Amino acid sequence: MPEYQLCPVCNVETDSYDPDAYPKLCFPCQQRYPPALFKATIDRPFDYALGLRDGRVIRFEGAVIHGDFVTLYGPDTGNDENPIDKAFCGFPCPRGIDIRCDEIIWVADAPEGS
Numbered sequence: 000m001p002e003y004q005l006c007p008v009c010n011v012e013t014d015s016y017d018p019d020a021y022p023k024l025c026f027p028c029q030q031r032y033p034p035a036l037f038k039a040t041i042d043r044p045f046d047y048a049l050g051l052r053d054g055r056v057i058r059f060e061g062a063v064i065h066g067d068f069v070t071l072y073g074p075d076t077g078n079d080e081n082p083i084d085k086a087f088c089g090f091p092c093p094r095g096i097d098i099r100c101d102e103i104i105w106v107a108d109a110p111e112g113s
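Read left to right, the sequence shown gives residues 0 to 113 (numbering that gives the first Met the number 0).
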């Protein structure tokens, strides 16, 4: 009998098990969330960028997906200000910002190379 992993987003059993690989998303989550966005939830801090429907671009270092939203985190500056969030919305947001996933049109892993 094969072993299964749980999807880290929705906790549904995935169709495979590989203890040496990154956690695998279930098929519906694979269709919903871009691979680079999911990678930002497990490989952080690292350099990512995403574009919104309104044309704004957000650079971030990590993410947490929760249903219809994703929380984006910038660098820890040690002074309760997140420069990525401040540039995006005009406020220091030390706890990150929540973005509706439906507003994201693209995501880049290492937008300037690694």
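No residue lacks a Cβ here, since even glycine has one placed at the ideal position from N, Cα and C. Note that the structure is predicted; figures quoted are calculated from it, not measured.
Between which two residues does the beta strand (DSSP E) holding Leu51 run?
To locate residue 51, count along the sequence shown from 1; it is residue 52. Here the beta strand (DSSP E) through Leu51 covers 47-51.
Name the DSSP bridge partner or partners of Glu108?
Position 109 of the sequence shown, counted from the first residue, corresponds to residue 108. The residue you asked about is not Glu; residue 108 is Asp in the sequence shown. Beta-bridge pairing links Asp108 to Tyr47.
Considering only the alpha carbon of each residue, which of Ile103, Ile57, Trp105, Gln29 lies closest to Gly95?
As a working mapping, residue 95 is identified with position 96 in the sequence shown. Ranking Ile103, Ile57, Trp105, Gln29 by Cα distance to Gly95 puts Ile57 first.
Which one or two residues does DSSP pair with Arg99 in a beta bridge?
If you number the sequence shown from 1, residue 99 lands on position 100. DSSP output for Arg99 lists Phe68 as bridge partner(s).
Are the CB atoms of Val106 and Ala48 nearer to each other than 9 Å?
For the purposes of this step, residue 106 is taken as residue 107 along the sequence shown, with counting starting at 1. For the purposes of this step, residue 48 is taken as residue 49 along the sequence shown, with counting starting at 1. It is a contact, given that the beta carbons lie within the stated cut-off.
CB-CB under 8 Å to Phe68, same chain, minus the five flanking residues each way: which ones, in chain order?
Here the question's residue 68 lines up with position 69 in the sequence shown. Answer for Phe68: Asp97, Ile98, Arg99, Cys100, listed in chain order.
Is Arg94 helix, strand or coil when you go by DSSP?
Counted from its first residue, the sequence shown places residue 94 at position 95. Coil at Arg94, not helix or strand.
Assign Ile64 to one of two classes, buried (16 or more other C-beta atoms within 10 Å of its C-beta) or exposed (fewer than that).
Against the sequence shown, residue 64 aligns to sequence position 65. Buried, by the Cβ-count rule.
Whole angstroms is fine: what's the gap from Gly66's alpha carbon to Pro22's?
Within the sequence shown, numbered from 1, the residue matching residue 66 stands at position 67. Within the sequence shown, numbered from 1, the residue matching residue 22 stands at position 23. In a straight line, the C-alpha of Gly66 is about 17 Å away from that of Pro22.
Provide the residue(s) that pair with Ala35 in DSSP beta bridges, ordered along the chain.
By one-based count along the sequence shown, residue 35 stands at place 36. None; Ala35 has no bridge partner.
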